[in-house]
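Everything on this sheet refers to the single structure shown next.
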Amino acid sequence: MADCSDYLALLSSDNKEIVRESAFRAGEDNCVEAVPKLAELLKTNHLGIQEAVDSSLRKIGGRETVEAVIPLLRSDEAPVRNLAMDILREVGNQDMPSLIELTQDEDPDIRIFVADILGSTGNLLAVQPLCEALLRDPEVNVRYQAAVSLGELGMEEATPCLNKAINDEEWVQYSVIEALTKIGHTSSVDALVKALDGASDLVASMIIDSLGEMGNIKAVTMLLKRMADAPTALRNKIVKAIVKILGGKSLTLLSDDERERFRRYLLVALQDEDEEIQDAAIQGLAFVGGEEASSGILRIAGGLDQDRDQDRLRLIIGYLARIGLTEALKAGLLGEDQDVARVAVQVLSQIAPDACSLEDCVCRVLMDAFWRATLPVQRQIVGVVASKGGEQSKEFFIRVLDEHEDGTVLKSAVYLLGEMLRLPEVVDRIFPLMDHQYDDVKEAALDACIAIGGPDVQARFQEMFRSPEPIRRLMATYALGKLGPMENLDILTQAVEDEIPDIRKVAIEALAGSGGDDAVWRPLVLHRLSDESKDVRLTVIEIMGRHYDEEMIPHLLHALNDEDDWVKIRAMDALGEHGTVQAAQVMIDMLKNPNRFVVMKAIEALGNIGGSAAFAALLEVTNSDEYELVSAAEEAISKIQEM
């Protein structure tokens, strides 16, 4: 390590790189003696040297650094002044007297600079000189910066002088209000409210925003008294501040006269172009609203973009729901503005109880509006009523089945009547929908008929299985498997031999999931292990894994010779998962398979099976040059060691 005197010599070198390196090292070794020279080098027009000096002066710090850097504030070059200020912002609190002395400097620029720096010290000693500057300095920009810095310090000791400065020039008032907002002391509420009397519109607006941000309930009474005489724009600001302070719910605690007066002000604020004021008005009206409120808020919601404004829209819908069912919502539901109608349905869906009853007027409103609404709104309505409807909405949905043609609407009707209510009397209407042009309607009808069940439904599906149409046989097979596999064993046995692979697959899944006698379904399922369809064979393997026992082992071992690698892999998973010792040697042989994924699965299976042979084979794999294989083998070996 070089001596500090060596650094002093090197810092005077003509070689810029030597100077840069020495400046950096001087900071690393905390060479206080080098501080004056380092400060001088800040004026060097060389970025690398300046960066090294900047770093070192910050590291060394102390009174010496502060005293050495202060003169640079008087430099004619802005980059040098800016560097000096940045350094003093970080280390200035290590020599507060030197900084405080500068607040009396004859040069107003220096006083501005030091006021800025004092705001970054985080030191209580900075409050008094900044307050002196704020209240007495003749230069307005010094006073402005002093207020800004007092706000950055955020110390309540600055509150008295900031309160006094609230009536300064407008330029200073801006920074004073911002500082008082940051500090948030109770004593500032009176000062801010009093300042409203002689303030310009802009300053008054800032004061009101500040009171809202501070959230002190003491301001509410004072603000309420000033609302009547305030111009509309300012009154809207007051509305926003009061709602922010009280929240919506507390507005209900105002006296009847105050609440009614404030409700009218909220309705006016609802027309403001400022979204924050609108949102505050909406929040307040959610608790003291009514028809006018519902209408105005609904209009705003209808103008929002469902995607771009979804968070705001969600909140507004919640507030509208809080107001409750109004004539405005009913009118919006049937109005020409489809965006408003869409929002009205969303609101009504929140107002409606989880299960509509005969007495519930919300669901009745939706059902009555359905036939007069446009198709997009009909889709919304039917979805809401289907999710909340009960027996009392049966006739409505039966009419929908009889008279409507839209697939989305039909699905909702089918869901309620079939899956929710399970009404046998609607089978005649729902069953034909399994021939609908849209697959999702077919699926809804299929699920509904299965949910209804019963001998009649089962007989219909048995008849459907005789169809020459594959899709009808597929649906029948699926349904009969759900309704009673063992009762429909003859048909499912035929389905296992169907020419369509998907039908065979559904049939064997139904048989295996029947819970019936294994001796009945196992031969039928295992026979399909040689099926020509890979998907059918994969299904058989998955079933064998779920119903694993000694009888399954030979069949799973046989599947390891399948021509399709995915069938092999699923068999390997099943054998490995159950730690089938008989499969160890076959898995070892699989390590030579050309398919990398097969090899990885073999390694994984051997780790689950364990044993000395598996351990030795995996050790051999760790000699491979392929990282992925080695990593998998090491993980498998760890499993074996933990057994």
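Using our numbering, the first residue of the sequence shown is number 5, and each one after it goes up by one.
Think of the CB as a built atom: it goes at the ideal place given N, C-alpha and C, for glycine as much as any other residue.
| said: Extract the residue ranges of the alpha helix (DSSP H) inside the region 456-489, only unbroken runs of 4 or more that lie entirely within it. | reply: 459-468 and 474-487
| said: Distance check for R85 and L77, CA to CA, integer angstroms please. | reply: 5 Å
| request: Compare the beta carbon distance of R140 and V95 with 8 Å and say whether it is the shorter of the two. | output: no
| Rounded straight-line distance, which links the Cα of K392 to that of T649 | Examination of residue 649 is not possible in this model, given that the chain is present from 5 through 647 alone.
| said: Here's the rule I'm using: 16 or more other beta-carbon atoms within 10 Å means buried, otherwise exposed. How should G123 be labelled? | reply: buried
| task | Determine, using beta-carbon pairs with one atom in the region 469-485 and one in the region 500-508, whether at least three such pairs fall under 8 Å. | result | yes
| task | Locate the alpha helix (DSSP H) running through E280, then write down its first and last residues. | result | E279 to V292
| request: Give me the Cα-Cα distance between M5 and R24, rounded to the nearest whole angstrom. | output: Residue confidence is low: M5 scores 47 on pLDDT, short of 50, so the model does not pin down where it sits. Its coordinate-derived value is still stated next. If I take the Cα positions, the gap works out to 16 Å.
| message | Quick check on M218: buried or exposed, where buried means 16 or more other Cβ atoms within 10 Å of its Cβ? | response | buried
| Which residues bound the alpha helix (DSSP H) around M576? | D569 to E581
| query | With 16 as the cutoff for other CB atoms within 10 Å, does I221 come out buried or exposed? | reply | exposed
| query | With distances taken from CA atoms, which of N167, A373 and G519 is nearest A199? | reply | N167
| Going by other Cβ atoms of all chains shown within 10 Å of its Cβ, with 16 needed for buried, is I22 buried or exposed? | exposed
| said: Judging by CA-CA distance, which residue of Q441, E37, F465 and N97 is the nearest neighbour of D10? | reply: E37
| field | Assigned secondary structure, E638 (DSSP; H/G/I helix, E/B strand, else coil) | value | helix
| Thinking just about the alpha-carbon of each residue, which of G615, L622 and I249 is nearest to the one in A606? | L622
| message | The alpha helix (DSSP H) that contains F28, what's its start and end? | response | K20 to E32
| task | Rounded to whole angstroms, what's the CA-CA distance from L324 to Q342? Just pull it up for me. | result | 17 Å
| Residue from S254, A245, T163 and A452 with nearest C-alpha to E429 | A452
| field | Span of the alpha helix (DSSP H), counted from its first residue to its last, around D309 | value | Looking at the DSSP string, D309 is not in any alpha helix (DSSP H), and its letter there is neither H nor E.
| said: If I measure Cβ to Cβ from A2 and keep anything under 7 Å in the same chain, skipping five residues before and after, which residues do I get? | reply: Since the first residue of the chain shown is 5 and the last is 647, residue 2 is not available in this structure.
| Which stretch, first to last residue, makes up the alpha helix (DSSP H) that contains K398? | K398 to E407
| task | Can you grab the Cα-Cα spacing for the pair I495 / P472, in whole Å? | result | 14 Å
| message | Can you look up P133 in the DSSP assignment and give me helix, strand or coil? | response | helix
| C-alpha distance - G458 paired with A637, whole-angstrom precision | 55 Å
| task | Taking I242 and S214 to be in contact with their CB atoms under 8 Å, please state how far apart those CB atoms are, rounded to whole angstroms. | result | With a Cβ gap of about 12 Å, I242 and S214 do not count as contacting.
| message | Along the chain, where does the alpha helix (DSSP H) containing C165 start, and where does it finish? | response | T163 to K168
| task | In the DSSP assignment, find the unbroken alpha helix (DSSP H) run with C367 in it and report its ends. | result | C365 to F374
| query | What separation, rounded to the nearest whole angstrom, lies between the Cα atoms of D539 and R532? | reply | 11 Å
| message | Can you tell me whether S60 is helix, strand or coil according to DSSP? | response | helix
| query | DSSP on V500, reduced to helix/strand/coil? | reply | helix
| message | Looking at Q98: is its Cβ nearer than 8 Å to the Cβ of V70? | response | yes
| Range of the contiguous alpha helix (DSSP H) that encloses I385 | L379 to K392
| field | 6 Å CB neighbourhood of F401 in its chain, flanking five on each side removed | value | A417, L420 and L421
| query | How many Å lie between S191 and T163 at the Cα? | reply | 8 Å
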